[in-house]
Structures are given as structure tokens and as C-alpha cells.
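Enquirer: Residue numbers (the working numbering): 1 to 341.
The structure that follows is given in the form of C-alpha cells.
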Amino acid sequence: MGFAQRGTDTQRRGLTSRDMGILSASPWAHVIRLTKRTLLIFAFLLCAGWAAPLRAMVWQVQHSPPFTIYYHPQDSKNLPGVLKALNQEYPVIRERLGLPLLKHADIYIAPTLEDFFQLSQVDLPAWATGYSIPERQMMVLKSPTFGTPLRDLSTTAVHELVHLELESDLGDVLFPTWLNEGLAVTLSGEGASLPRSILSWAILSGRLLTLFDIDHVMGMSAQDARLAYLESTLAVDDLRLIRGWEGIRDLLNQLKATGNFDSAMVKVYGIDEAAFEYDFLKKVRQQYRWAVLADPMFYVTIAFVPLLGLAGIMVWRKKRRIMKEWEEQQPEDIYWGERNP
Ligand SMILES: [Zn+2]
């Protein structure tokens with residue numbers, strides 16, 4: 001085996017030597033060798049992880065303590081709006097939720113979907129516009145230059161800031177997604193723009209989500225996610241109706257102290273999550289069952305159904321008339337029964 005291997009190696013070296021001789025004789029040989037070397041060096045850099053710093057070189061940075069925004073040139077026009085929203089809403093969020101000062105937050109505006117997934121490092125649904133990572137004190141936002149955003153960039157930045165502050169403060173304490181999303185939607189101001197008619201459609205079709213269902217929002221379609229966000233913000237509205245923002249602050253403090261959401265709810269509101277959910281869903285069903293009547297699309301649909309029926313009747317009558325005319329034009333002596341027994 002050893003001998004055979006040596007023989008093969010010799011033959012290979014011989015072939016290589018001949019090829020090199022032919023290349024040396026060509027005027028392009030030097031250029032080809034250089035190109036091959038360049039490709040090898042580039043491949044090495046990629047393998048050695050040098051590509052990341054090369055890619056990072058195109059990020060531009062804007063410091064506005066406690067925020068540092070990383071962005072690409074095409075998003076420079078979006079920066080003033082994002083910074084204005086963050087600086088304006090940050091003290092309001094802290095005051096309303098009673099949260100400590102954020103030491104630092106890195107905000108990345110991902111210029112492509114690939115960058116968005118690379119930075120967030122999780123499998124996010126297509127409708128996601130941002131993601132916060134409290135362990136790294138950072139958030140990743142989708143640039144509006146790609147995709148179809150569910151909400152605008154400034155609103156997403158404030159929405160993710162609420163998540164970042166809440167999750168940083170509560171650490172490992174588990175709390176329901178509806179509270180997390182409800183506070184983010186409420187404090188970013190997007191709750192008012194969510195149409196209440198989607199609740200009617202959900203109630204009438206039996207698709208109203210329970211508060212427990214909302215824990216799985218990341219696996220939902222864009223349509224169901226919108227319903228989950230709306231129900232979350234309405235649930236937070238219900239809590240605020242009882243004891244305002246002071247109640248929410250007490251709830252978060254109790255949650256931090258006990259590490260148990262049910263205990264915190266009982267302590268602050270006198271009911272556990274299941275009882276709150278029962279009352280909440282009952283109220284939603286009563287209040288929003290017919291909210292669809294305020295939706296212009298409902299009337300378009302109502303008008304469209306008879307029109308569709310009318311169009312169907314007209315097509316059927318035309319077809320019937322053509323058949324009748326065709327039957328009248330046939331010779332009288334044709335007896336189909338004999339020809340097609
Ligand atoms: Zn969210």
C-alpha cells in the first residue's frame with residue numbers, strides 16, 4: 001500500500017510539474033498566479049473571521065447617552081426621528097414604570113434581513129420589526145429600507161426600549177407576554193392605531209385569544225400577532241383602570257420581590273391572573289362584539305356579497321340562454337338516445 005501510494009504521488013508531482021511548465025511559458029501565468037493567491041488570501045480571511053470587522057467598518061455610529069446607534073448610510077435620514085422619540089419617551093417610560101436609569105443601550109438599525117437575523121441571533125417571524133436583547137443591553141431594528149414594516153422605525157425603537165428596560169430590570173423573573181407586550185404597545189403609543197374591529201371578527205369567528213395564548217405570539221401569523229398586541233394593550237388598560245400607573249409600578253415591584261406573577265397580582269389587585277383573564281375576556285366580548293360596525297371594510301364586504309351573488313345569477317342566466325338557443329338550432333330528427341345508447 002505504501003509503495004502504491006508513493007508511485008501515485010510521483011505521478012501527481014510529474015503532472016503538476018508539466019502543468020506548471022506550460023503555465024510558466026504563458027504570458028498570463030503571472031496574473032493567474034496572483035489571482036489565485038488573492039483568492040486564497042480572501043478565503044483565509046473569511047475562514048479566520050476577518051470578514052466581520054471588514055463588514056463592521058461600514059457601520060456608522062451616533063452617540064446620544066445612554067444610547068449608541070449603529071446604522072448604515074442609507075438610514076442616516078431616519079436617525080433624528082429615532083433619537084427624538086427615544087429621548088422624549090425614555091424619561092416617561094422610566095417614570096411610569098418606576099424603572100432605574102439605563103446605563104447604556106446599543107441600538108442597531110439592520111440594513112438587510114441577513115444583518116437583522118445575524119444580530120438578533122434568533123428565529124424571528126417575518127413580521128417582526130425589532131428585537132431586544134437585555135443580556136447584551138442592545139436592540140436590533142429593521143431598517144425601513146427593506147420589508148413591509150408592521151410599525152414605523154421610531155415607534156419600534158420605543159417599543160423595544162420598553163422591553164429592554166423591563167427585561168433588564170426584572171432579570172430572570174418570569175412574567176406573562178401580554179403584560180410585556182401590552183406595556184410596550186401602550187407606551188410606544190401604537191395601541192390607539194390598532195383597529196378594534198379585528199376584535200369583532202375574532203369574537204364572531206371564535207378566534208379571540210386567551211391571555212395564555214399570547215405567550216406564543218412569536219409563532220403567530222401577522223394577523224394573529226396584531227390581535228395579540230391589541231388584546232395585550234387592552235388588558236394593560238384594564239389594569240390601569242383599577243389603579244393607574246401606580247398599580248403597574250406596584251405590580252412590577254411585587255413581581256421583583258416575590259418572583260411570582262400570581263402572588264404579585266393578588267397583592268396589588270386582589271385577584272390572580274386566571275380571574276383577571278376571565279373578567280377581561282368577558283368584558284372584551286361584551287364591548288367589542290359589534291365594533292366591526294364602525295369598520296368601513298365591513299360595509300364594503302356586505303355590499304360585495306350581494307354583488308357577487310347578482311353577478312353569479314347573471315352568468316347563469318346567460319349560459320342558460322345560450323344553451324336554449326343552441327338547442328333550438330339543432331335538426332329536429334336528431335335523437336341523442338340512439339346515437340349515445
Ligand atoms: Zn414587543
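Glycine residues also receive a C-beta, built at the ideal position from the N, C-alpha and C atoms.
Small disclaimer: the values here were computed from a predicted structure and weren't measured.
#1: Might you give, ordered along the chain, the residues of its own chain that have their beta carbon closer than 7 Å to the beta carbon of Ile198, omitting 5 neighbours on each side?
#2: Does the beta-carbon of Met323 have 16 or more other beta-carbons within 10 angstroms, so that it is buried, or is it exposed?
#3: Please report the Cβ distance between Ser132 and His104, rounded to the nearest whole angstrom; I am assuming they are in contact, meaning their Cβ atoms lie under 8 Å.
#4: Is it right to say Ser24 is buried, meaning 16 or more other beta carbons lie within 10 angstroms of its own, or is it exposed?
#5: Using CA atoms only, rank isn't needed, just tell me which of Ile271, Ala257 and Phe67 is closest to Ile107.
#6: For Gly191 versus Thr233, is the C-beta distance shorter than 7 Å?
#7: Under a Cβ-count criterion, where at least 16 other Cβ atoms within 10 Å of its own Cβ denotes burial, should Ile242 be classed as buried or exposed?
#8: Run through the segment 249-313 for me and flag every whole alpha helix (DSSP H) of 4 or more residues, listed as ranges in chain order.
#9: Assuming Thr68 is part of the beta strand (DSSP E), what are its boundary residues?
#10: Around the Cβ of Ser188, are there at least 16 other Cβ atoms within 10 angstroms (buried) or fewer (exposed)?
#11: Please tell me whether Ala110 and Val158 are closer than 7 Å, where the distance is taken between their beta carbons.
#12: To which residues of the same chain is Phe117 closer than 6 Å at the C-beta, ignoring the five residues directly before and after it?
#13: DSSP beta-bridge partners for Ile109?
#14: Considering only DSSP beta bridges, list what His63 is partnered with.
#15: In angstroms, rounded to a whole number, what distance separates the CA positions of Phe261 and Asn180?
#16: I think Gly81 touches Leu153, with their Cβ atoms under 8 Å apart; what is that distance to the nearest whole Å?
#17: I want to check one thing, is the minimum distance from the CB of Ala225 to the heavy atoms of ligand 1 below 6 Å?
#18: Identify whether Ser120 lies in helix, strand or coil by the three-state DSSP scheme.
#19: Give me the Cβ distance between Gln74 and Thr145, rounded to the nearest whole Å; I'm assuming they're in contact under 8 Å.
#20: Using DSSP with H/G/I as helix, E/B as strand and the rest coil, what is Gly130?
#21: Using a threshold of 6 Å, is the CB atom of Ala184 nearer than that to any non-hydrogen atom of ligand 1?
#22: In the DSSP assignment, find the unbroken alpha helix (DSSP H) run with Lys84 in it and report its ends.
#23: State yes or no: is the C-beta of Leu211 within less than 7 Å of the C-beta of Glu277?
#24: Helix, strand or coil: how does DSSP classify Arg151 here?
#25: I want to check one thing, is the minimum distance from the CB of Glu181 to the heavy atoms of ligand 1 below 6 Å?
#26: Please classify Arg96 as buried or exposed, where buried requires at least 16 other C-beta atoms within 10 Å of its C-beta.
#27: Pick out whichever of Leu119, Arg285 and Ala303 has its Cα sitting closest to the Cα of Arg196.
Expert: Short version:
#1: Beyond the five residues adjoining it in sequence on each side, Ile198 comes within less than 7 Å, by CB distance, of Arg226, Leu227 and Leu230 in the same chain, given in chain order.
#2: Counting of Cβ neighbours within 10 angstroms places Met323 among the exposed residues, the total staying below 16.
#3: With 8 Å as the limit, Ser132 and His104 do not qualify as a contact, their Cβ atoms being about 14 Å apart.
#4: Low confidence applies here, because Ser24 scores a pLDDT of 34, under 50, leaving its location unreliable and the question unanswered by this model.
#5: Comparing C-alpha distances from Ile107 to each of Ile271, Ala257 and Phe67 shows the shortest one belongs to Phe67.
#6: Cβ atoms of Gly191 and Thr233: closer than 7 Å.
#7: Ile242 counts as exposed, since fewer than 16 other C-beta atoms from the protein chains shown sit within 10 angstroms of its C-beta.
#8: Within the segment 249-313, the complete alpha helix (DSSP H) segments at least 4 residues long are 261-269 and 273-288, listed from N- to C-terminus.
#9: For Thr68, the uninterrupted beta strand (DSSP E) run begins and ends at Phe67 to Tyr71, by DSSP.
#10: Ser188 is buried by the Cβ-count criterion.
#11: In this structure, Val158 does not lie closer than 7 Å to Ala110 by Cβ.
#12: The answer is none, since no qualifying residue turns up.
#13: DSSP output for Ile109 lists Leu141 as bridge partner(s).
#14: Within the DSSP secondary-structure output, His63 pairs in a beta bridge with Thr68.
#15: Phe261 and Asn180: Cα-Cα distance of roughly 12 Å.
#16: That belief holds up - the Cβ atoms of Gly81 and Leu153 are roughly 7 Å apart, short of 8 Å.
#17: Ligand 1 never approaches Ala225 closely enough for any of its heavy atoms to be under 6 Å from the residue's Cβ.
#18: Of the three classes helix, strand and coil, the one that applies to Ser120 here is helix, per DSSP.
#19: Contact holds; Cβ gap of about 5 Å.
#20: Gly130 falls in the strand class under three-state DSSP.
#21: Within the chosen limit of 6 Å, ligand 1 reaches the beta carbon of Ala184 through at least one heavy atom.
#22: Note, Lys84: alpha helix (DSSP H), Leu79 to Leu97.
#23: Cβ distance < 7 Å, so Leu211 and Glu277 count as in contact.
#24: In the three-state reduction of the DSSP assignment, Arg151 falls in the coil class.
#25: At least one heavy atom of ligand 1 falls within 6 Å of the beta-carbon of Glu181.
#26: Arg96 comes out buried.
#27: The option with the nearest alpha carbon to Arg196 is Arg285.
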